Amino acid sequence: MSQISTFAALLPDTHFPLSIGGELRQTRERGQAINPATDTPLCEHALASASDCEDAVRAARGAFGAWRDRPWSERQRRVAALADLIEERQEDFMRLLTLEQGKGRAAAEWEIGGCIHWLREIAGQILADLPFELPGAGTVKARHVPLGVVAAITPWNFPLLLAIWKIAPALLAGNTLVVKPSPYTPLCTLWFGELAQAVLPPGVLNVIAGGNELGQTLTEHPDIDKVAFTGSTATGRRVMQSAARNLKRVTLELGGNDPAIVLPDVEDIDGLAQQLFWAAFQNSAQFCVATKRLYIHESIYPRLAQALVDYAATVPLGDGLDPQTQLGPLQNRMQFDKVSDLLAATRQAGLRILCGGAPLDRPGYFIPVTLVDNPPDDARCVVEEAFGPVLPLLSYRDIDEVVARANATEYGLAASVWGRDLQQAQAVAQRLQAGTVWINQIHAFSPHVPFGGHKQSGLGIENALEGLAEYSNLQTIMQRPL
Numbered sequence: 004m005s006q007i008s009t010f011a012a013l014l015p016d017t018h019f020p021l022s023i024g025g026e027l028r029q030t031r032e033r034g035q036a037i038n039p040a041t042d043t044p045l046c047e048h049a050l051a052s053a054s055d056c057e058d059a060v061r062a063a064r065g066a067f068g069a070w071r072d073r074p075w076s077e078r079q080r081r082v083a084a085l086a087d088l089i090e091e092r093q094e095d096f097m098r099l100l101t102l103e104q105g106k107g108r109a110a111a112e113w114e115i116g117g118c119i120h121w122l123r124e125i126a127g128q129i130l131a132d133l134p135f136e137l138p139g140a141g142t143v144k145a146r147h148v149p150l151g152v153v154a155a156i157t158p159w160n161f162p163l164l165l166a167i168w169k170i171a172p173a174l175l176a177g178n179t180l181v182v183k184p185s186p187y188t189p190l191c192t193l194w195f196g197e198l199a200q201a202v203l204p205p206g207v208l209n210v211i212a213g214g215n216e217l218g219q220t221l222t223e224h225p226d227i228d229k230v231a232f233t234g235s236t237a238t239g240r241r242v243m244q245s246a247a248r249n250l251k252r253v254t255l256e257l258g259g260n261d262p263a264i265v266l267p268d269v270e271d272i273d274g275l276a277q278q279l280f281w282a283a284f285q286n287s288a289q290f291c292v293a294t295k296r297l298y299i300h301e302s303i304y305p306r307l308a309q310a311l312v313d314y315a316a317t318v319p320l321g322d323g324l325d326p327q328t329q330l331g332p333l334q335n336r337m338q339f340d341k342v343s344d345l346l347a348a349t350r351q352a353g354l355r356i357l358c359g360g361a362p363l364d365r366p367g368y369f370i371p372v373t374l375v376d377n378p379p380d381d382a383r384c385v386v387e388e389a390f391g392p393v394l395p396l397l398s399y400r401d402i403d404e405v406v407a408r409a410n411a412t413e414y415g416l417a418a419s420v421w422g423r424d425l426q427q428a429q430a431v432a433q434r435l436q437a438g439t440v441w442i443n444q445i446h447a448f449s450p451h452v453p454f455g456g457h458k459q460s461g462l463g464i465e466n467a468l469e470g471l472a473e474y475s476n477l478q479t480i481m482q483r484p485l
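Next up, the structure:
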């Protein structure tokens with residue numbers, strides 16, 4: 004921890020070890036976390052070797068039988084107790100999240116509070132047996148049985164919350180886990196894994212940190228029964244290829260190029276501009292379901308575009324530790340370079356930029372909110388998922404046209420429709436090829452509402468009983484008397 008320097012007082016009292024088989028393991032090889040607001044080292048953490056990974060899988064396999072056989076009520080109690088661990092240290096988790104991820108206070112509170120809420124609500128769920136009678140067949144019962152060992156591979160935009168989305172249902176359903184956070188944001192997850200050892204039996208939850216090669220080891224490992232992955236579509240394809248070697252179950256929550264459609268009957272342009280701004284730029288647009296293409300009817304396009312520019316000028320961009328900050332930096336150098344390249348291509352194409360347009364000349368990975376004025380549909384800023392604060396504003400004339408343009412993508416994660424005529428908005432929503440469509444709202448999630456992508460935005464469901472069932476096999480038992 005000697006590298007922490009200025010931030011020592013802001014970090015929890017931990018050396019960020021691996022959690023393997025109920026023990027905390029330091030390693031000779033060390034990783035280094037970077038503060039994205041300053042582009043400087045934050046601290047060191049344990050880094051797993053291939054041998055550590057093997058030990059973690061072996062520990063999870065060894066713990067599976069006993070965990071599977073514990074009563075559902077006991078697993079519920081222990082999953083709920085994990086929420087208490089976070090809640091007791093909520094301020095420290097929020098501070099640590101800001102340091103490693105970059106998001107401001109309100110965004111960190113939303114994520115850490117979401118972790119607590121998800122653990123408690125998922126802990127209350129039950130996958131009940133389904134008994135029924137068939138004439139001449141005797142008694143038939145369908146029951147959910149756990150899969151075994153789950154590998155959870157998580158991203159850097161919501162590092163702890165998206166880990167909890169996997170950990171909570173996997174544990175409740177009776178599985179054991181090996182969790183690998185993104186190498187860019189390992190700290191909150193490593194600390195959670197350390198704390199969780201006081202609640203869970205040894206080997207039930209193992210947390211290891213490492214790079215892409217460690218993820219590949221997990222997805223190919225013969226003793227992993229399921230991979231739950233959140234990340235890019237390109238990486239999701241590789242995960243699926245690896246999982247095919249022994250027909251692992253997979254849940255893949257992948258990329259999106261999410262459209263929002265504003266109908267011509269909206270009235271409060273300024274109020275709507277604020278909602279649409281945060282639909283696009285929450286978490287500095289590092290959000291798989293952020294609005295990434297904004298279609299505005301031509302009759303209101305000039306007014307709404309100007310209202311978005313005006314509101315953007317009021318939103319402070321800066322270090323998440325500053326209480327005034329509402330938008331933080333991009334999380335890592337790789338993503339900063341990708342978005343910078345996209346902005347350069349947008350300028351070189353001669354497209355009109357209404358605000359922003361270039362990285363800030365300051366330490367850290369800061370890119371201002373950038374609005375592009377009605378680019379062609381084949382422009383890179385329209386076709387690509389920026390995963391950064393770049394939003395094309397696109398004018399349209401009629402409903403059939405805008406629905407076709409919104410659906411003209413390989414992605415199908417989420418979308419939104421905005422308008423006063425709810426019947427018309429509902430009709431538009433039902434024509435959109437997306438797993439979730441919000442009407443006059445966005446980014447509304449619940450542990451009790453299914454979430455999943457269409458097309459190349461993923462496979463499987465997270466959340467709700469449908470998501471819980473993804474961590475089980477369905478076994479049918481049929482019996483009749485001799």
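Throughout, the working numbering is defined as the position within the sequence shown, counted from one, plus 3.
A virtual CB, placed ideally from N, CA and C, is assigned to each residue, including glycine.
None of the values given here were measured: they were computed from a predicted structure.
(1) Are the segment 369–385 and the segment 393–401 touching, with three or more C-beta to C-beta distances below 8 Å?
(2) Can Val-153 and Ala-171 be called in contact, C-beta distance under 8 Å?
(3) For Lys-169, is the classification buried or exposed, using 16 other Cβ atoms within 10 angstroms of its Cβ as the cut-off for buried?
(4) Could you tell me the boundaries of the alpha helix (DSSP H) in which Thr-328 lies?
(5) Tell me the rounded alpha-carbon separation between Ser-343 and Ala-131.
(6) Fully enclosed by the segment 177–220, which beta strand (DSSP E) runs are 3 residues long or longer?
(7) Are Ala-86 and Thr-101 closer than 8 Å when you measure CB to CB?
(8) Across which residues does DSSP place Lys-2 in a beta bridge pair?
(9) Given a threshold of 16 other Cβ atoms within 10 Å of its Cβ, counted over all protein chains shown, does Ala-51 qualify as buried or as exposed?
(10) Would you kindly work out how many angstroms separate the C-alpha atoms of Met-4 and Glu-47, rounded to a whole number?
(11) Would DSSP call Lys-341 helix, strand or coil?
(12) Who are Thr-373's beta bridge partners in DSSP?
(13) With distance defined between alpha-carbon atoms, name the residue in Lys-229, Glu-197, Tyr-187 and Pro-225 nearest to Asn-215.
(14) Could you tell me whether the segment 227–239 touches the segment 204–214, where touching means 3 or more Cβ pairs closer than 8 Å?
(15) Does the distance from the CB of Trp-121 to the CB of Ile-167 come in under 8 Å?
(16) In whole angstroms, what separates the C-alpha of Asn-443 from that of Trp-421?
(17) Looking only at its own chain, which residues have a Cβ that is under 6 Å from the Cβ of Leu-137, when we skip the five neighbours before and after it?
(18) Below 8 Å between beta carbons: does that hold for Leu-190 and Glu-103?
(19) Residues in the same chain with beta-carbon distance under 7 Å from Thr-220, minus the five sequence neighbours each way, listed in chain order, please.
(20) Alpha carbons only, please: which of Trp-194, Ser-287 and Gln-128 is nearest the one belonging to Pro-15?
(21) Would you kindly check if the distance between the Cβ of Ala-315 and the Cβ of Cys-358 is under 8 Å?
(22) Exposed or buried, what is Pro-20 when buried is set at 16 or more other beta-carbons lying within 10 Å of its beta-carbon?
(23) Could you check whether Ala-263 and Leu-279 sit closer than 8 Å to each other, using their CB atoms as the reference points?
(24) Within this structure, are the beta carbons of Ala-59 and Val-181 separated by less than 8 Å?
(25) In chain order, what residues of the same chain have a beta carbon less than 7 Å from the beta carbon of Gln-277, not counting five sequence neighbours either side?
(26) To which residues of the same chain is Arg-71 closer than 6 Å at the C-beta, ignoring the five residues directly before and after it?
(27) In angstroms with no decimal places, state the Cα-to-Cα distance between Gly-461 and Pro-453.
(28) Go ahead and label Ile-480 buried or exposed: buried means 16 or more other beta carbons lie within 10 angstroms of its beta carbon, across all protein chains shown.
(29) In whole angstroms, give me the CA-to-CA distance for Gln-334 and Arg-423.
(30) Can you tell which of Thr-233, Ala-201 and Pro-379 has its C-alpha closest to the C-alpha of Gly-25?
(31) Nearest-angstrom Cα distance between Gln-6 and Ala-282?
(32) Just to confirm before moving on: does the CB-CB distance between Ile-125 and Val-82 stay below 8 Å?
(33) From the DSSP output, in three-state form, read off Asp-268 for me.
(34) According to DSSP, Glu-465 sits in a beta bridge with which residue or residues?
(35) Beta-carbon within less than 7 Å of Glu-413's beta-carbon, same chain only, minus the 5 sequence neighbours each way: which residues are those?
(36) Does the beta-carbon of Met-337 have 16 or more other beta-carbons within 10 angstroms, so that it is buried, or is it exposed?
With the structure as the only source:
(1) yes
(2) The residue labelled residue 153 in the question sits at position 150 within the sequence shown. The residue labelled residue 171 in the question sits at position 168 within the sequence shown. For Val-153 and Ala-171, no; Cβs fall outside 8 Å.
(3) Here residue 169 refers to the residue found at position 166 when the sequence shown is read from its first residue. Result: buried.
(4) Taking the sequence shown and counting its residues from 1, one reaches residue 328 at position 325. Counting along the chain, Thr-328 falls outside any alpha helix (DSSP H), and DSSP gives it neither H nor E.
(5) Counting from one through the sequence shown, the residue named residue 343 turns up at place 340. Counting from one through the sequence shown, the residue named residue 131 turns up at place 128. Roughly 50 Å separates the two Cα atoms.
(6) 179–183 and 208–210
(7) Taking the first residue of the sequence shown as position 1, residue 86 is located at position 83. Taking the first residue of the sequence shown as position 1, residue 101 is located at position 98. Going by C-beta atoms, Ala-86 is not nearer than 8 Å to Thr-101.
(8) No answer is possible for residue 2: the residues shown for the chain start at 4 and end at 485.
(9) The residue given as residue 51 occupies position 48 in the sequence shown. Buried, since its Cβ has 16 or more Cβ neighbours within 10 Å.
(10) To locate residue 4, count along the sequence shown from 1; it is residue 1. To locate residue 47, count along the sequence shown from 1; it is residue 44. Bear in mind that the predicted position of Met-4 carries a pLDDT of just 32, short of 50, making it too unreliable to give a figure here.
(11) Here residue 341 refers to the residue found at position 338 of the sequence shown. Of the three classes helix, strand and coil, the one that applies to Lys-341 here is helix, per DSSP.
(12) Residue mapping note: residue 373 aligns to position 370 of the sequence shown, counting from 1. Answer by DSSP bridge pairing, in chain order: Val-393.
(13) Mapped onto the sequence shown, residue 215 falls at position 212. Among Lys-229, Glu-197, Tyr-187 and Pro-225, the Cα nearest to that of Asn-215 is on Tyr-187.
(14) no
(15) Numbered from its first residue, the sequence shown carries residue 121 at position 118. Numbered from its first residue, the sequence shown carries residue 167 at position 164. In contact: Trp-121 and Ile-167 (Cβ atoms closer than 8 Å).
(16) Translated into positions along the sequence shown, residue 443 becomes position 440. Translated into positions along the sequence shown, residue 421 becomes position 418. Approximately 5 Å between the Cα atoms of the pair.
(17) For the purposes of this step, residue 137 is taken as residue 134 along the sequence shown, with counting starting at 1. Contacts found: Val-143.
(18) By one-based count along the sequence shown, residue 190 stands at place 187. By one-based count along the sequence shown, residue 103 stands at place 100. Yes, these two residues count as a Cβ contact at 8 Å.
(19) Residue numbering aside, residue 220 sits at position 217 when the sequence shown is read from its first letter. Excluding sequence neighbours, Thr-220 sits near Ala-53 and Cys-56.
(20) Translated into positions along the sequence shown, residue 15 becomes position 12. Of the listed residues, the one whose Cα sits closest to Pro-15 is Trp-194.
(21) As a working note, residue 358 is residue 355 in the sequence shown. As a working note, residue 315 is residue 312 in the sequence shown. Against a cut-off of 8 Å, the Cβ pair of Ala-315 and Cys-358 comes out as a contact.
(22) Reading the sequence shown from its first residue, position 17 is the one you call residue 20. Result: buried.
(23) For the purposes of this step, residue 279 is identified with residue 276 of the sequence shown, where counting begins at 1. For the purposes of this step, residue 263 is identified with residue 260 of the sequence shown, where counting begins at 1. Closer than 8 Å, so yes.
(24) Position 56 of the sequence shown, counted from the first residue, corresponds to residue 59. Position 178 of the sequence shown, counted from the first residue, corresponds to residue 181. Contact: yes.
(25) For the purposes of this step, residue 277 is taken as the residue at position 274 of the sequence shown. So the list reads Tyr-314, once near-sequence residues are dropped.
(26) Here residue 71 corresponds to residue number 68 of the sequence shown, with the count starting at 1. Excluding residues within five positions, the ones whose Cβ falls inside 6 Å are Pro-149 and Gly-177.
(27) Reading the sequence shown from its first residue, position 458 is the one you call residue 461. Reading the sequence shown from its first residue, position 450 is the one you call residue 453. So the alpha carbons of these two residues sit roughly 13 Å apart.
(28) Start at 1 with the first residue of the sequence shown, and residue 480 comes out as number 477. Burial call: exposed.
(29) Looking up residue 334 in the sequence shown gives position 331. Looking up residue 423 in the sequence shown gives position 420. Approximately 37 Å, taken between the alpha carbons.
(30) Taking the sequence shown and counting its residues from 1, one reaches residue 25 at position 22. Cα-wise, what sits closest to Gly-25 is Ala-201.
(31) The count along the sequence shown starts at 1 and reaches residue 6 at position 3. The count along the sequence shown starts at 1 and reaches residue 282 at position 279. At Gln-6 the pLDDT is 37, less than 50, meaning the model places this residue with poor confidence; the figure from the coordinates comes in the next sentence. Between Gln-6 and Ala-282, the C-alpha separation is close to 37 Å.
(32) Within the sequence shown, numbered from 1, the residue matching residue 125 stands at position 122. Within the sequence shown, numbered from 1, the residue matching residue 82 stands at position 79. Going by C-beta atoms, Ile-125 is nearer than 8 Å to Val-82.
(33) Position 265 of the sequence shown holds residue 268. In this structure, Asp-268 counts as coil in the three-state DSSP scheme.
(34) Position 462 of the sequence shown, counting from 1, holds the residue named residue 465. Phe-454, per the DSSP bridge assignment.
(35) Taking the first residue of the sequence shown as position 1, residue 413 is located at position 410. Excluding residues within five positions, the ones whose Cβ falls inside 7 Å are Lys-458 and Gln-459.
(36) For the purposes of this step, residue 337 is taken as residue 334 along the sequence shown, with counting starting at 1. With fewer than 16 Cβ atoms within 10 Å of its Cβ, Met-337 is classed as exposed.
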